Amino acid sequence: MKITKKIVTKIEGEATLKLYKKDFLIEFAEIEFWQYRGMEEYLKNRAYMDACVINPRICGICGHSHLIATSKAIENALDIKIGNKAKILREITLGLEIIQNHIKWFYLTLYPSVKEINYFKALEFSKEISKIIALIAGQFPHNSYAIPGGVTCDLTNLEIIKVKNSLSKMFDRYQEIMSVDGKSLDLEELFSDIPKSIGKSLNRFLILGNNLYFKSNGNAEFVKEEDSISLNKNVLYKDKFYEVGPLARNLENDLIKKVYEKYQDSIYTRIFARLYEVNLIFEYLLKIVDEMDINEKNYIKPIKKNGKGIGVIEAPRGSLIHKIEIEDEKIKSYNIIVPTQFNLSNGTKDKLSPAQASLIGEYEQQSDLIFKCFDICAVCVSH
Amino acid sequence: MHSKPKVFWIDAVGCNGCSHSFFNYGEIKELLDKIELLYHPLLPSKEFKVQRSDILIIEGALKTTYFPRLDFNLVDLIFELIKLSKKVIVVGTCSVYGGIFGEGVLFNKKKEGKFFEFKEKMIALPGCPPHPEWIAYVIEMLIENKNILMDKENRPKEIYSYTSHMGCIRNEYFEWKIDVLEFGTKEGCLFYDQGCQGPFTHSSCNRILWNEINSKPRAGTPCFGCTEKEFPKKNLFKTETFMGIPANIPLGVGKRAYLTIAGIAKSLKNERLSKRLINEDN
Chain A
6 MKITKKIVTK
16 IEGEATLKLY
26 KKDFLIEFAE
36 IEFWQYRGME
46 EYLKNRAYMD
56 ACVINPRICG
66 ICGHSHLIAT
76 SKAIENALDI
86 KIGNKAKILR
96 EITLGLEIIQ
106 NHIKWFYLTL
116 YPSVKEINYF
126 KALEFSKEIS
136 KIIALIAGQF
146 PHNSYAIPGG
156 VTCDLTNLEI
166 IKVKNSLSKM
176 FDRYQEIMSV
186 DGKSLDLEEL
196 FSDIPKSIGK
206 SLNRFLILGN
216 NLYFKSNGNA
226 EFVKEEDSIS
236 LNKNVLYKDK
246 FYEVGPLARN
256 LENDLIKKVY
266 EKYQDSIYTR
276 IFARLYEVNL
286 IFEYLLKIVD
296 EMDINEKNYI
306 KPIKKNGKGI
316 GVIEAPRGSL
326 IHKIEIEDEK
336 IKSYNIIVPT
346 QFNLSNGTKD
356 KLSPAQASLI
366 GEYEQQSDLI
376 FKCFDICAVC
386 VSH
Chain B
36 MHSKPKVFWI
46 DAVGCNGCSH
56 SFFNYGEIKE
66 LLDKIELLYH
76 PLLPSKEFKV
86 QRSDILIIEG
96 ALKTTYFPRL
106 DFNLVDLIFE
116 LIKLSKKVIV
126 VGTCSVYGGI
136 FGEGVLFNKK
146 KEGKFFEFKE
156 KMIALPGCPP
166 HPEWIAYVIE
176 MLIENKNILM
186 DKENRPKEIY
196 SYTSHMGCIR
206 NEYFEWKIDV
216 LEFGTKEGCL
226 FYDQGCQGPF
236 THSSCNRILW
246 NEINSKPRAG
256 TPCFGCTEKE
266 FPKKNLFKTE
276 TFMGIPANIP
286 LGVGKRAYLT
296 IAGIAKSLKN
306 ERLSKRLINE
316 DN
């Protein structure tokens, strides 16, 4: 048996992949993360509102998801119900963060690991998406406009019209990347020399968030963290590993289901689901933007000062969990569980995590691509 | 013809937010066409190799304990790269002062940082994140070999001479000392109660705007002083007060002068600004 150890780069952060091979095929894989930033400790004893500034800084590409999860956890702890307008605005900015993430992932992270591509079209696209977020939230990355009780902005119809028209324009432009019929020239080109059915995994999916059009199929109460061989923690649901993310949460869609039936949970299906999800999010956002009542209050001031709460959302890479304990308006404890922990846990040979399972039986040359299909956020993992 | 300047971008302990902020620069292709990108943590570049560079860009903070990066101990890697570079752009508050994650490369909060001895070749761009235009501006100035006017912390004056208060659409409320009564309103200034640090934060973001369109205070969120050495301070949504008056006052004004003008402004009520801007009854 041969073992190769390599550092996977050109992802958000870096991960170490140890491959155990026999006759050129991968027999077993270990995934290690050796960075630690200590966010949860950093939050302790601070005013709970500070988490709305610190937590977006967990990640440069999906920090807005951390903000929304933070506010939801605090609202849950302090029994705050937010208004419908604030809820819709948060859905829009979070949905847009997912979109800019997917497009950067496809053209910057994934594509160049196989072949050259003009990635500037992705940057141009994500820049325009970030602009719509900024119009509502002030800036992107790293805004703090979603606070416990609602949002800080007070839009006029001028901004709402601009948001709506920008969404339509970008949805239209996205058709060149992947159409609503599921056609994508760049995706087919990527697979011109790669088999579509490699990278099959556990076939076990979990959705915990209920934001956007996603419907949960589980309860975050059953999620447990356990120590692993490196600094990250394994994440299990009812003592089993599950795949989270765009493939998991879009299997109800007819088109994605069809691809899934043909290629199962392979890399092609995983990529297809992620790219197609963008269309579904655009459609959903264009629907809810019209449901906003501009005269509704943006913010309701919290009254309670103590409590324990949980915030669960579907973030770009899957289910994201924030847990908080507040005592006299201060953070007593904070716990963050990120999607990449679910997908990239370190299991044993008879109990594999989704990423480990996807690598087994495949050639080493394909390992980078298979691995990156989970859209790894090592930055988030090392929180 | 001169060869293109070699640029090496390394990520230390951070969130990649500086990179993602830079990706929103509208003319990024035109800018990258002018340089040879030796390494970047996300953008396609050549294989990682410790090598000479004309411009080194460091994003992220340093940890005093062992922190691996690309099979090196981070601090050793940064040291090697700095030694091999002609100019260093210290990008983001983490890298300049330490920020949330550790010690800065140039400073450690208010003190000198681990690589302070290389200050002469460093340009500091604090901000969490720094504005994409700022990063592009420094790279362009270096490419063109132009002189960058800098303050004593090596921050470019064309960026950090401004405060983020300049350009704020809530300035009229600041003039007349009218507070925001609660979040989520167009009306009111966030300086008196909500913790806004705009009047004493060095930044041109409210002048050039984020994502070409907005800013935090315009969206009702206070400025958190993300370009400053002590970012993030504690109690970020609450104005620190001393005997009922803001503990930190606008840059360049004496406390007594500020209190006098504030007292006068408050006593002369501005009727228009004391009401909702858009009132259905009117």
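In order, the protein sequence lines correspond to chains A and B.
When the letters of the first sequence are read in order and numbered with my numbering, they come out as residues 6 to 388.
When the letters of the second sequence are read in order and numbered with my numbering, they come out as residues 36 to 317.
Just so you know, even glycine gets a beta-carbon here, dropped at the ideal spot from N, CA and C.
Please read all numbers here as calculations on a predicted model, not as lab measurements.
If you draw a straight line from the C-alpha of residue i to the C-alpha of residue j, how long is it?
| i | j | result |
| --- | --- | --- |
| Glu19/A | Ile113/B | 16 Å |
| Ala151/A | Pro285/B | 27 Å |
| Phe218/B | Pro257/B | 10 Å |
| Asn317/B | Glu247/B | Its pLDDT being 48, under 50, Asn317/B is placed unreliably in this model, and the value from its coordinates should be taken loosely. Each residue's alpha carbon lies about 33 Å from the other. |
| Lys132/A | Lys304/B | 43 Å |
| Lys267/A | Cys224/B | 58 Å |
| Pro252/B | Leu160/B | 21 Å |
| Glu181/A | Arg205/B | 41 Å |
| Glu360/A | Phe226/B | The question names Glu, but residue 360/A is Ala in the sequence shown. Straight-line Cα distance between these residues: approximately 48 Å. |
| Leu393/B | Phe111/A | With chain B covering 36 to 317 only, the question about residue 393/B has no answer from this structure. |
| Asp232/A | Ser387/A | 14 Å |
| His147/A | Asp28/A | 47 Å |
| Met36/B | Phe145/A | Any reading at Met36/B must be qualified, since the residue scores a pLDDT of 48, below 50, and its modelled position is unreliable; the value itself is stated next. So the alpha carbons of these two residues sit roughly 39 Å apart. |
| Ala300/B | Lys212/B | 6 Å |
| Lys310/B | Thr21/A | 59 Å |
| Ile12/A | Glu35/A | 12 Å |
| Val249/A | Pro344/A | 7 Å |
| Asn314/B | Ile293/A | 26 Å |
| Ser172/A | Leu290/A | Residue identity differs from the one stated: residue 172/A is Leu in this sequence, not Ser. C-alpha separation (whole angstroms): 8 Å. |
| Phe151/B | Lys187/B | 13 Å |
| Glu369/A | Tyr25/A | 10 Å |
| Glu306/B | Phe209/B | 15 Å |
| Leu252/A | Lys169/A | 27 Å |
| Gly43/A | Ile165/A | 39 Å |
| Ile329/A | Asn182/B | 49 Å |
| Ser56/B | Ala96/B | 17 Å |
| Phe266/B | Pro165/B | 13 Å |
Among the options, which has the Cα closest to the Cα of residue i?
| i | options | result |
| --- | --- | --- |
| Thr128/B | Val215/B, Leu271/B, Cys50/B and Tyr227/B | Cys50/B |
| Gly230/B | Glu330/A, Met54/A, Asn237/A and Met175/A | Met54/A |
| Val215/B | Lys98/B, Thr274/B and Lys144/B | Thr274/B |
| Lys2/A | Ala278/A, Lys335/A, Glu301/A and Ser221/A | An answer regarding residue 2/A cannot be provided, because it is not within the stretch 6 to 388 covered by chain A. |
| Gln232/B | Lys212/B, Glu222/B, Asp106/B and Leu271/B | Leu271/B |
| Asn222/A | Leu256/A, Glu37/A, Asn340/A and Lys77/A | Leu256/A |
| His107/A | Gly88/A, Cys67/A and Leu94/A | Cys67/A |
| Asp186/A | Thr98/A, Leu280/A and Leu30/A | Leu280/A |
| Ile203/A | Tyr218/A, Leu163/A and Ile276/A | Ile276/A |
| Asp355/A | Lys245/A, Glu332/A, Lys11/A and Pro61/A | Lys245/A |
| Glu147/B | Ser130/B, Phe136/B and Gly162/B | Ser130/B |
| Leu195/A | Lys10/A, Arg62/A and Cys378/A | Cys378/A |
| Gly397/A | Leu190/A, Glu226/A, Glu296/A and Ile93/A | Here chain A comprises residues numbered 6 to 388, so residue 397/A is not present and cannot be evaluated. |
| Lys268/B | Arg51/A, Pro321/A, Asp270/A and Tyr218/A | Arg51/A |
| Tyr218/A | Leu99/A, Lys23/A, Leu357/A and Asn60/A | Leu99/A |
Cβ contact check for the region 190 to 208 of chain B and the region 252 to 272 of chain B: 3 or more pairs under 8 Å: yes
Between the region 321 to 334 of chain A and the region 204 to 219 of chain A, can you find at least three pairs of beta-carbon atoms closer than 8 Å? yes
Pick out the complete alpha helix (DSSP H) segments inside the region 46 to 77 of chain B, 4 residues or longer, and give them in chain order. 52 to 57 and 63 to 68
Residue ranges of each alpha helix (DSSP H) run of no fewer than 4 residues wholly in the region 188 to 247 of chain B, ordered along the chain? 192 to 195, 206 to 210 and 240 to 243, all fully within the region 188 to 247 of chain B.
Count the CB pairs spanning the region 35 to 55 of chain A and the region 280 to 296 of chain A that are closer than 8 Å, and state whether there are at least three. These segments do not touch.
Could you name the residues of the region 147 to 161 of chain A whose beta carbon sits closer than 8 Å to any beta carbon of chain B, in the order they occur along the chain? His147, Asn148, Ser149, Tyr150, Ile152, Gly154, Gly155, Val156, Thr157, Cys158, Asp159 and Thr161
Could you list the residues in the region 233 to 259 of chain B with a C-beta less than 9 Å from some C-beta on chain A, going in chain order? Cys240, Leu244, Trp245, Asn246, Glu247, Ile248, Asn249, Ser250, Lys251, Pro252, Arg253, Ala254, Gly255, Thr256, Pro257 and Phe259
Give, in chain order, every unbroken run of the beta strand (DSSP E) that is at least 3 residues long and sits entirely within the region 149 to 230 of chain A. none
For the region 45 to 72 of chain B, list every residue whose C-beta sits within 9 Å of some C-beta in chain A, in sequence order. Asp46, Val48, Gly49, Cys50, Asn51, Gly52, Cys53, Ser54, His55, Ser56, Phe58, Asn59, Tyr60, Gly61, Ile63, Lys64 and Leu67
For the pair the region 118 to 134 of chain B and the region 165 to 176 of chain B, tell me if three or more CB-CB distances fall below 8 Å. yes
Count the CB pairs spanning the region 372 to 386 of chain A and the region 118 to 131 of chain A that are closer than 8 Å, and state whether there are at least three. In short, these stretches touch, since the Cβ pair count reaches three.
Against chain B: residues of the region 286 to 307 of chain A by CB proximity under 7 Å: Lys302, Asn303, Tyr304 and Lys306
Under 7 Å, CB to CB, which of the residues in the region 212 to 234 of chain B have a partner in chain A? Under the 7 Å Cβ criterion, the region 212 to 234 of chain B contributes Glu217, Phe218, Gly219, Thr220 and Lys221.
Write down every uninterrupted run of the beta strand (DSSP E) in the region 119 to 174 of chain B whose length is 3 residues or greater and which is fully enclosed by it, in chain order. 120 to 126 and 157 to 160
Across the region 75 to 91 of chain A and the region 152 to 162 of chain A, are there enough close Cβ pairs to call them in contact, namely three or more that are closer than 8 Å? Contact holds: three or more Cβ-Cβ distances are below 8 Å.
Note down, in chain order, all residues in the region 103 to 116 of chain B with a beta-carbon under 8 Å from any beta-carbon belonging to chain A. Pro103, Arg104, Leu105 and Asp106
Ignoring anything shorter than 3 residues, give me the beta strand (DSSP E) runs that lie fully in the region 12 to 100 of chain A, in order along the chain. Every unbroken stretch of the beta strand (DSSP E) spanning 3 or more residues and falling wholly within the region 12 to 100 of chain A is given here in chain order: 18 to 27 and 30 to 37.
Select from the region 133 to 146 of chain B all residues with a C-beta closer than 7 Å to any C-beta belonging to chain A, and list them in chain order. Ile135 and Phe136
Contact list for the region 57 to 68 of chain A against chain B, Cβ threshold 9 Å: Cys57, Val58, Ile59, Pro61, Arg62, Ile63, Cys64, Gly65, Ile66 and Gly68
May I ask you to verify whether the region 78 to 90 of chain B touches the region 132 to 140 of chain B, counting CB pairs closer than 8 Å and requiring at least 3? no
Which residues of the region 79 to 107 of chain A have a Cβ closer than 7 Å to any Cβ of chain B? Give them in chain order. Flagged: no residues at all.
Would you list, in chain order, the members of the region 22 to 56 of chain A that have their beta-carbon closer than 7 Å to a beta-carbon of chain B? Listed in chain order, the positions of the region 22 to 56 of chain A with a beta carbon within less than 7 Å of a beta carbon of chain B are Trp39, Gln40, Arg42, Tyr47, Arg51, Ala52, Met54 and Asp55.
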